[in-house]
Amino acid sequence: MKDLIKTAYSATNFKEDGLALIELLAKHISDSTDLKDEKTINWETPEKQLEFWQKDFESPTLSNPLSLFKSVIEKSLNLHNPKYLGHQVATTLPVTALSSMVIAYLNQGLPVYEMAMVGNALEKVVTKHLADKFGFGNEAAGIVTSGGTLANLTALLAARTNFEEKDFPNLAILVSGEAHYSIERAVKILGLSPLNVIKVPVNVQFQMRTELLEELYQEALSEGKKIMCVIGCACSTSVGAYDDLNAIGDWANGHNIWFHVDGAHGAAAIYSPTYKHLLAGIEKADSVILDFHKLLMAPSLSTALIYKNGKYASRTFAQKADYIFNTESQDDWYNSGKRTFECTKPMQILNAYTTMRLYGEELYKQHIDRLYGLAKEFAATVSNSENFDLAVDPESNIVCFRLKTEENSDEINKEIAEKLLMDGTFFIVNTVIDGEFWLRITIQNPLTTLNDLEQLLNLILEIHHQVPAAKSCLSV
24 MKDLIKTAYS ATNFKEDGLA LIELLAKHIS DSTDLKDEKT INWETPEKQL
74 EFWQKDFESP TLSNPLSLFK SVIEKSLNLH NPKYLGHQVA TTLPVTALSS
124 MVIAYLNQGL PVYEMAMVGN ALEKVVTKHL ADKFGFGNEA AGIVTSGGTL
174 ANLTALLAAR TNFEEKDFPN LAILVSGEAH YSIERAVKIL GLSPLNVIKV
224 PVNVQFQMRT ELLEELYQEA LSEGKKIMCV IGCACSTSVG AYDDLNAIGD
274 WANGHNIWFH VDGAHGAAAI YSPTYKHLLA GIEKADSVIL DFHKLLMAPS
324 LSTALIYKNG KYASRTFAQK ADYIFNTESQ DDWYNSGKRT FECTKPMQIL
374 NAYTTMRLYG EELYKQHIDR LYGLAKEFAA TVSNSENFDL AVDPESNIVC
424 FRLKTEENSD EINKEIAEKL LMDGTFFIVN TVIDGEFWLR ITIQNPLTTL
474 NDLEQLLNLI LEIHHQVPAA KSCLSV
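Numbering (the numbering used here), first residue to last: 24 to 499.
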């Protein structure tokens with residue numbers, strides 16, 4: 024009988040399979056960027072996908088993994104196609120495929136120093152770098168978590184440490200009406216009532232109306248609630264709007280209330296001299312999160328959570344566990360398990376660290392400038408068109424627009440969105456704004472051009488001629 028253990032750990036087999044995979048991925052990059060593969064998505068129903076993989080799973084074992092990898096790539100959404108304009112997911116740098124290989128192979132869990140000497144040090148270096156970028160002082164500290172949802176939850180836990188347990192049922196937060204769903208989810212996990220998520224109305228630009236903070240605060244106090252945190256969006260998920268962080272920070276500091284900035288998507292603008300003004304006031308925050316896997320071209324999931332005062336990083340999860348943590352009170356940055364939910368956390372920070380060491384901050388600057396700049400160009404094209412409406416002038420790389428019609432606009436644009444998905448040339452998503460259906464793009468690929476976006480508009484017009492739903496205002 025074949026010795027499968029020996030085969031599975033064969034360095035020769037690994038080298039052959041690895042080189043073949045690199046060739047496959049290199050061709051995929053080339054075909055995607057040169058648009059040899061026109062389709063961004065080859066849509067299949069969930070039932071068809073499941074049937075394919077069920078049959079594959081029941082097939083004889085493989086002699087090598089290449090055919091499996093080919094199938095996975097061919098049947099997946101192609102984020103490296105410049106016509107991918109969908110969810111807020113990074114078009115990953117090719118080098119991160121290599122750093123991810125190192126992460127998987129070394130398999131270092133970060134909770135304790137001896138398991139991840141390198142990983143804990145890298146997190147310390149990168150989070151200190153971000154703290155400096157955000158204008159925090161020497162007392163700042165941070166951690167890296169698996170995603171923005173977990174980072175927001177961890178930050179809210181830190182905010183709650185300022186209160187006693189008897190206060191918990193009455194704790195509440197103030198947050199923009201455009202805030203990410205993870206905020207309300209975090210509140211539920213904390214055991215607080217969703218009714219204690221006080222949503223601040225937004226203005227016509229979908230930014231928090233900060234002039235209402237005091238009124239809502241006083242109203243909450245009169246109801247017996249204790250505001251533990253106010254959260255600013257940088258930027259919001261739906262339309263990419265940045266809240267006035269200066270105004271929120273001043274109000275929060277004036278009331279000694281924790282100020283958290285959900286910068287999962289847009290805090291990366293700190294790297295752009297052109298757009299970092301959108302983050303003015305972020306230095307007043309008590310905590311900030313930033314996703315490396317959105318605008319900083321890293322694989323999912325990797326989110327930095329930075330505290331202005333590092334003492335909250337250790338206070339949040341202070342506990343005794345002699346089998347792993349020998350010093351409960353010691354503020355030892357090199358045991359990251361004392362600051363996060365995760366125990367066997369992977370060394371995801373290597374992806375961002377590798378990128379910074381190879382390209383420096385300049386790559387991030389160019390990336391932000393290109394994506395945000397192109398969004399403005401596309402918005403101007405939409406605004407100048409007689410065929411389309413623009414929801415709001417974009418502040419980030421998110422643009423919401425829709426086909427202009429005399430009636431049944433929601434129904435027509437929904438059908439267009441569905442036909443775009445079936446066509447597969449472009450991949451875009453949608454959102455609801457003030458109860459209305461809008462098409463939504465997030466420009467993530469730095470190789471996307473204005474010509475690509477104009478092709479999208481033309482394709483929408485072509486599709487519309489196949490939609491008999493209503494009269495339109497088209498001047499074609």
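All C-beta atoms in this analysis are idealised placements derived from N, C-alpha and C, irrespective of residue type, glycine included.
Predicted model only: the values in this text are computed from it and were never measured.
Report the rounded CA-to-CA distance for residue i versus residue j, giving the unit in angstroms.
i: W281; j: V253; result: 6 Å
i: K189; j: R208; result: 22 Å
i: K299; j: E137; result: 38 Å
i: I439; j: E430; result: 15 Å
i: E242; j: V220; result: 13 Å
i: L44; j: P322; result: 18 Å
i: R510; j: H390; result: Residue 510 falls outside the range modelled here, since the chain spans only 24 to 499, and no answer is possible.
i: P369; j: K98; result: 27 Å
i: F424; j: N407; result: 12 Å
i: E246; j: K147; result: 42 Å
i: N276; j: L470; result: 42 Å
i: N226; j: A290; result: 21 Å
i: A195; j: K361; result: 26 Å
i: P117; j: Y357; result: 29 Å
i: G160; j: L73; result: 52 Å
i: N500; j: S199; result: Residue 500 falls outside the range modelled here, since the chain spans only 24 to 499, and no answer is possible.
i: L47; j: N143; result: 33 Å
i: F460; j: E187; result: 44 Å
i: L108; j: A120; result: 21 Å
Ignore the nearest five residues each way along the sequence and tell me which others in residue i's own chain have a CB closer than 8 Å to its CB.
i: N279; result: none
i: N185; result: M251 and W281
i: S132; result: At residue 132 the sequence reads Gly, which differs from the Ser that was named. Within the same chain, G132 has close Cβ partners M138, A139, C366, T367, K368 and P369.
Please identify the residue among the options whose C-alpha is closest to the C-alpha of residue i.
i: N130; options: K399, R380, Q371 and F449; result: Q371
i: I293; options: S55, N453 and D155; result: D155
i: I421; options: T63, L73, A264 and T367; result: A264
i: E67; options: F460, N474 and G447; result: G447
i: S169; options: A327, T472 and E70; result: A327
i: E61; options: G458, F450, I464 and L239; result: F450
i: T63; options: A127, H103 and K38; result: H103
i: L373; options: S86, T150, K25 and A178; result: T150
i: F340; options: S199, A181 and N193; result: A181
i: K388; options: T297, V125, N143 and K211; result: T297
i: E485; options: N36, N410 and L145; result: N410
i: L173; options: F92, A375, D314 and A398; result: D314
Look up residue i in the DSSP assignment and say whether it is helix, strand or coil.
i: L381; result: helix
i: I96; result: helix
i: H283; result: strand
i: S495; result: With a pLDDT of 42 at S495, under the threshold of 50, the modelled position of this residue cannot be trusted; read the value that follows with caution. Here S495 sits in strand by DSSP.
i: M231; result: strand
i: I64; result: coil
i: V210; result: helix
i: R425; result: strand
i: D475; result: helix
i: R393; result: helix
i: M370; result: coil
i: V455; result: strand
i: S419; result: coil
i: Y335; result: helix
i: R463; result: strand
i: Y330; result: strand
i: K437; result: helix
i: M24; result: coil
i: A414; result: coil
Would you mind sorting residue i into buried or exposed? The rule is 16 or more other CB atoms within 10 Å of its CB.
i: Y395; result: buried
i: I166; result: buried
i: C258; result: buried
i: C256; result: buried
i: F157; result: buried
i: K71; result: exposed
i: E238; result: exposed
i: Q228; result: exposed
i: Q467; result: buried
i: Q230; result: buried
i: D412; result: buried
Grab me the residues of residue i's own chain with a C-beta within less than 7 Å of its C-beta, minus the 5 sequence neighbours each way, in chain order.
i: E477; result: T404
i: N175; result: S205, I206, A209, D285 and I312
i: I483; result: L426 and I439
i: L381; result: V118
i: T233; result: D267, A270, I271 and W274
i: D416; result: A402
Identify, in the order they occur along the chain, each residue of the same chain with its Cβ nearer than 6 Å to the Cβ of residue i, setting aside the five sequence neighbours on each side.
i: N332; result: E162
i: L236; result: W274
i: H283; result: A178, C252, I254 and S310
i: Q111; result: H288, K317 and T465
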